[in-house]
Amino acid sequence: IASCLVGSEMCIRDSPFAVAPRRHPHPLARAGRWTAVCTLGAVAALALTACGGGSSDASPPLASKPLAEACAAYASTALPHGAKVTRTELRKAEGTLPDVCIVRGQIVSSPESTINWAVELPTLTQWNGKTLTIGGGGFDGFIPTDDPWYQQLVGPSANPYVKISSDSGHQIRGFAWGKSDVALRNHAFDANHFVLEVGTTIATEFYGKRPVRRYHMGHSNGGRSGLISTQKYPKDYDGVVAMEPAISQQAHQVNLGPTVLRHIFKSRDNWMSPAKIALYAKAEVAACDGLDGLKDGIIGNIEACNYVPTDLLCQGADNDSCLTAGQIESIRLIYSDHKTPVTLSRGAVGYPRYGRGGASTSDWQSYMFGTSFDAPDSFNHMAVTEAARLVEGNPNANILSHDPTQYQAQYARLAEMIDGTAPDISAFADNGGKLLIWYGLGDTCVSLYRTADYFDTVKQRLGASKVQGFARMVTSPSNGHDLDGAGTEPRSIDLLAAMDAWVEKGAAPDKLVATKFAPGTSTPVAQRPVCEYPQFPRYNGTGDPSKAESFTCSAT
């Protein structure tokens, strides 16, 4: 039961975190619904007599009041970028999430782009004096702090932070908004920058002191949005954690569409069912598992894995115990570089292959093949289709017939805005910023190798020694884009805590350990070091294979 009363009464909602977490980080429907809100109008009278939403040297901060009372009383007429508060809400503690006051609002950038944002304020005693911006995913269009998947992504160590997020300036999950330059800028980099300043102001008013540190953590497009902030707004964050950042989205769309995706969906003989994927995954693990020194179901040495499943070729009728020639070609294309002759930002042409091990995760079904040949529903297919519809101006555009070479200028316009590939991030480094990139080596949505190539350009521009002083790219084998797989659990790596320790104490994240748990439990069964790319955990040949110290990060 939810109730919302005026004045000092509490505003209570039903928690969206009571539902099971969604596995897929690119939802097509928003998770969680608020059942009641405290509108700005309902609390305006009280706010006028309760510090005006801020504080002064002569009075205690608003947050010194009970959270429910402070939340109902908060109001501000001095937010940057024309931001307006629309309502406040009290979210009661649920699971690992504490009581917080949520301030919601909007920034109307243009008739084509309105940024909806949310700022979560913990109690004064819990707040650690810092903010955390949480990036979105897919094409955005939702508020990540409202979504259980993203709250789980940042983990319990994020709870003492003021959490900030936005829908990036549009409220739909597709790409139709991309025709607006303002909406593109908001999605690409401005929304997070604007809302960070809004959240900083709200925190300062609410607690009576300015945040001492500001961090960003995001996954996929949310990782890209954090990474691009180091390029566009180098003073925004003290630290950025970018998980599997989708830094070249138009390269993904232009190059995957005419190659692997067109092949897969051209013929039913090329499409792979869950049974076919499982058949290949088992064979790939059998062929490549031991290349890291230990047969444990984890493909660590992905560069040494060159398995081609010709031994699985059907000799008679097609069935679930063999692969057709078309399916083997689909696999070859997944592990091949793609090069459509379309030049995008910074002269980039092509998109790299995917890393080994993705077939043993949910990635091949979620991102490449989907659940149906007749009604394609994989994320990669959706993303390529949405981009084709946008650049063609045709809601019926189809990847089987779409020719990206005919829309060079349209794709270049998008890439010039959205790509997070500028190599000169010296201003971010010189401002004391730290960057931590994490990848699952089996990612079959966003190519590991594209970000590795970008990281190399940063080293070439700034020098490897300087980069080592402020940035790391680390990986975990047999993890996919959805953070699952035979490998260790990515959420067991407290990347936010590692970043904070790096910024606050100078402790570089060079000894991170990831844990694998028994299915459905919190019982640890294996640990592995989190290695700096291109190294991977190689078994030493002796010692307990469930212990991280029995492995050494190695490039061969």
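Going by this note's numbering, the letters in the sequence shown line up with residues 7 to 562, in that order. Where is the CB? At the ideal position from N, CA and C, for every residue including glycine. Here the structure is a predicted model, which means the values were calculated and not measured.
Which stretch, first to last residue, makes up the beta strand (DSSP E) that contains residue i?
i	result
V390	Segment 385-398 is the alpha helix (DSSP H) holding V390; no beta strand (DSSP E) there.
H258	No beta strand (DSSP E) holds H258; the alpha helix (DSSP H) holding it covers 255-262.
C107	106-116
W155	No beta strand (DSSP E) contains W155, which is instead part of the alpha helix (DSSP H) from 154-160.
G245	245-249
S372	Here S372 belongs to no beta strand (DSSP E), and DSSP marks it neither H nor E.
C311	Note, C311: premise wrong, no beta strand (DSSP E); not H, not E.
Y545	542-545
L297	Run containing L297: none; DSSP gives neither H nor E here.
W123	119-127
R93	90-97
K272	It is not in any beta strand (DSSP E) - K272 carries neither H nor E in the DSSP assignment.
I304	Neither: I304 is in no beta strand (DSSP E) and is coded neither H nor E.
L4	With the chain covering 7 to 562 only, the question about residue 4 has no answer from this structure.
C559	557-560
Hey, out of the options, whose CA is closest to residue i's CA?
i	options	result
L406	R268, Y417, T346	R268
C107	P117, V114, T94	T94
N122	G147, E100, T139, G143	G147
L262	H387, P251, S186	H387
G475	H199, G491, F434	F434
G486	T92, P72, R362	R362
Q177	W508, V397, W155, P150	P150
A281	A365, H87, T562, G144	A365
P401	K71, A182, Q158	A182
G141	H258, S231, N437	S231
S384	Q321, V266, L319	V266
T558	S498, K517, T494, Q416	K517
I253	A354, T207, S368, T120	A354
T206	Y539, P551, H87, P117	H87
Q416	K345, T349, G180, G296	T349
E100	E538, E118, N165	N165
D152	G144, I170, K136, S163	I170
Beta-carbon separation of residue i and residue j under 9 Å?
i	j	result
L190	L420	yes
A393	Q237	no
V160	L138	yes
R544	S560	yes
S174	A197	yes
M249	I443	yes
Y286	I337	yes
Q533	A554	yes
L73	L96	yes
A84	L68	no
D298	P483	yes
K241	N404	no
L318	I334	yes
T521	S556	no
Around the Cβ of residue i, are there at least 16 other Cβ atoms within 10 angstroms (buried) or fewer (exposed)?
i	result
P31	Bear in mind that the predicted position of P31 carries a pLDDT of just 45, short of 50, making it too unreliable to give a figure here.
P27	Note that P27 scores 36 on pLDDT, short of 50, meaning its location in the model is unreliable; the coordinates nonetheless yield the value given after this. P27 comes out exposed.
R274	exposed
S351	buried
I340	buried
V314	exposed
I7	Because I7 carries a pLDDT of 26, less than 50, the predicted location of this residue cannot be relied on, and the following value inherits that uncertainty. Result: exposed.
G469	exposed
P347	exposed
R29	With a pLDDT of 39 at R29, under the threshold of 50, the predicted position of this residue should be treated as unreliable, though the coordinate-derived value follows. R29 comes out exposed.
R456	buried
G547	exposed
A331	exposed
Q466	exposed
Q412	exposed
C57	Legend: pLDDT at C57 = 37, less than 50; position of this residue unreliable, value from coordinates given subsequently. Label assigned to C57: buried.
S65	exposed
Q321	exposed
D550	exposed
E510	exposed
D380	exposed
A48	Unreliable placement is indicated for A48, whose pLDDT of 35 sits below 50; the coordinate value is still reported in the next sentence. Looking at its Cβ environment, which holds 16 or more other Cβ atoms inside 10 Å, A48 is buried.
C17	At C17 the pLDDT is 35, less than 50, meaning the model places this residue with poor confidence and gives no usable figure here.
Along the alpha helix (DSSP H) that carries residue i, what are the first and last residues, could you check?
i	result
Q333	331-340
S453	Segment: none, S453 is in no alpha helix (DSSP H) and carries neither H nor E.
L233	227-238
P280	280-294
C77	73-79
Can you check whether the C-beta of residue i is within less than 9 Å of a C-beta belonging to chain B?
i	result
Q541	You won't find chain B in this structure, because it holds only one protein chain.
Worksheet entry | Runs of alpha helix (DSSP H) lying entirely within the segment 463-530, each at least 4 residues, in chain order | 470-476, 501-511
Discussion item. List, from N- to C-terminal side, the alpha helix (DSSP H) runs of 4 residues or more that fit wholly inside the segment 397-452.
Written reply: 414-424, 432-436
Practice prompt. Report the residue ranges of all beta strand (DSSP E) runs contained in full by the segment 162-234; include only those spanning at least 3 residues, in chain order.
Written response: 168-172, 219-225
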